[in-house]
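Student: The sequence shown begins at 1 in our numbering and counts up by one. Backbone N, C-alpha and C define an ideal beta-carbon position, used for all residues, glycine too. As the structure is a computational prediction, the values presented were derived from the model and not from experiment. One structure, as structure tokens, below. Some questions next.
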Amino acid sequence: MLEITKSVEWDMGHRVPNHKHHCRNPHGHRYRLELSLAGDVITTRGTSEEGMVYDFGDVKKILTKSILELVDHAFMASEEDPVFGPLAKQHGDRLKILLVPFVPTAEHIVYWCFQRLKDAFPPHLKISRLRLYETPTSWADFIP
Ligand SMILES: [Zn+2]
């Protein structure tokens, strides 16, 4: 069993509506997601994936389709956000506001990412860890 990790980054706005300090204000982060996959090295001679757990290029494609296309240059807000909920309904065709059923903290977002990725890989691979950086010094891990 080996573990491989692929990371992707995106820019996204959010806010934590009930936060006691400045995080209640709309602001943005350069998010970084690290996806670790555990599995056996493919030994089938002559195949494209020989010697790999999974092709990094294929991991990138899945991350792009499942996560990046939704979140990059978006504003993530809770469906119950009293400001951005109505704004999304009114201007959703012009603004990329991604309404989610949770407060968009790093902890919730990393779990949301897991839900979007858990069935995206072949069964011989296991997501061993997802790490989401909200800043270079702050991150949340989800270990299934
Ligand atoms: Zn923030």
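DSSP three-state call for A74: helix, strand or coil?
Tutor: Reduced to three states, the DSSP call for A74 is strand.
Student: T5 bridges to which residues according to DSSP?
Tutor: DSSP, once it has assigned bridges, lists S36 as partnering T5.
Student: How should D40 be labelled, buried or exposed, when 16 other C-beta atoms within 10 angstroms of its C-beta is the threshold for buried?
Tutor: D40 should be labelled exposed.
Student: Tell me which residues share the same chain as S66 and place their Cβ nearer than 6 Å to its Cβ, disregarding the 5 neighbours each side in the sequence.
Tutor: Cβ neighbours of S66 beyond the five flanking positions: R116, L117, A120.
Student: Starting from the N-terminal side, write out each stretch of the beta strand (DSSP E) that is 3 residues or longer and does not extend beyond the segment 47–111.
Tutor: Those beta strand (DSSP E) runs which fall completely within the segment 47–111 and span 3+ residues are 74–78, 97–100.
Student: I need the straight-line Cα distance from H108 to P122, nearest angstrom please.
Tutor: Approximately 25 Å between the Cα atoms of the pair.
Student: Return the first residue and the last residue of the beta strand (DSSP E) that I127 is part of.
Tutor: Its beta strand (DSSP E) spans residues 126–135.
Student: Give the DSSP bridge partners of A140, in chain order.
Tutor: According to DSSP, which records beta bridges pairwise, A140 is partnered with L132.
Student: P104 and A77: beta carbons closer than 8 Å?
Tutor: Contact flag set, yes.
Student: Identify whether R24 lies in helix, strand or coil by the three-state DSSP scheme.
Tutor: It is helical.
Student: Give me the residue from G46, E49, D141, G28 with the minimum Cα distance to V71.
Tutor: The option with the nearest alpha carbon to V71 is G28.
Student: Which partner residues of D119 appear in the DSSP bridge assignment?
Tutor: Note: D119 sits in no beta bridge, so no partner.
Student: Residues in its own chain within less than 7 Å of L68 by CB, not counting five upstream and five downstream?
Tutor: Around L68: V8, W10.
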